[in-house]
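> Residue numbering for the sequence shown follows my numbering, starting at 4 and increasing by one per position.
Cβ atoms here follow ideal geometry from the backbone N, Cα and C, with glycine treated the same way.
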Amino acid sequence: MGKYLVIETTANLLRIPLESLVYVRAEGNYSRIFTVLDVVKGSKGTLVTYKLGWIHNSLSDVIGDVACKNIVRAGKSHIINLDFVSEINISQQTLALSDCDRFNVVLSDGLSREVLKALKSALGNDGNDDND
Numbered sequence: 004m005g006k007y008l009v010i011e012t013t014a015n016l017l018r019i020p021l022e023s024l025v026y027v028r029a030e031g032n033y034s035r036i037f038t039v040l041d042v043v044k045g046s047k048g049t050l051v052t053y054k055l056g057w058i059h060n061s062l063s064d065v066i067g068d069v070a071c072k073n074i075v076r077a078g079k080s081h082i083i084n085l086d087f088v089s090e091i092n093i094s095q096q097t098l099a100l101s102d103c104d105r106f107n108v109v110l111s112d113g114l115s116r117e118v119l120k121a122l123k124s125a126l127g128n129d130g131n132d133d134n135d
């Protein structure tokens, strides 16, 4: 069974499958959640009345297996799914997220060189694990 990020508001309940979560961006005291469907359609994502730290803690409670540990905090303003990282450019301080088919999103706000270097290091050996 898949794992979900569950967010309750006064009006509704959001149940987001972790494998479809691309990234979350902080917007002051709010957060905007982007799923694969959101970025493919070019939508503005879903604005929720929770700070990024609360969402990060909720994700930490849900994540229990290796497959879901690819969702990480990237500095003060983003949570990203490492499965969608296609390029890290430290000199330009950008991070590209893509599914190599339907979408490509470039993040540049709030990503420090240190955060990008840590992400690059974490992903550096990723391609060497599969020896098919």
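Hey, TYR26 and LEU110 are a contact pair by Cβ (cut 8 Å); roughly how many whole angstroms apart?
7 Å
> Under the rule that 16 or more other beta-carbon atoms within 10 Å means buried, what is TYR53, buried or exposed?
buried
> Please classify LEU16 as buried or exposed, where buried requires at least 16 other C-beta atoms within 10 Å of its C-beta.
exposed
> Taking only three categories from DSSP, how would you classify ILE93?
coil
> With DSSP collapsed to three states, give me the class of LEU114.
coil
> Within 10 angstroms of the Cβ of SER124, are there 16 or more other Cβ atoms? Answer buried if so, exposed if not.
exposed
> Quick one: using the 10 Å Cβ neighbour count with 16 as the cut-off for buried, is THR38 buried or exposed?
THR38 comes out buried.
> Which partner residues does VAL51 have in the DSSP bridge list?
SER34
> Using CA atoms only, rank isn't needed, just tell me which of CYS103, LYS44, GLY78, ARG105 is closest to THR97.
GLY78
> Quick one: give me the first and last residue of the beta strand (DSSP E) that LEU40 is part of.
Note, LEU40: premise wrong, no beta strand (DSSP E); alpha helix (DSSP H) at 39-44.
> Could you pull the DSSP bridge partners for ARG105 from this structure?
Partner(s): none; ARG105 has no beta bridge.
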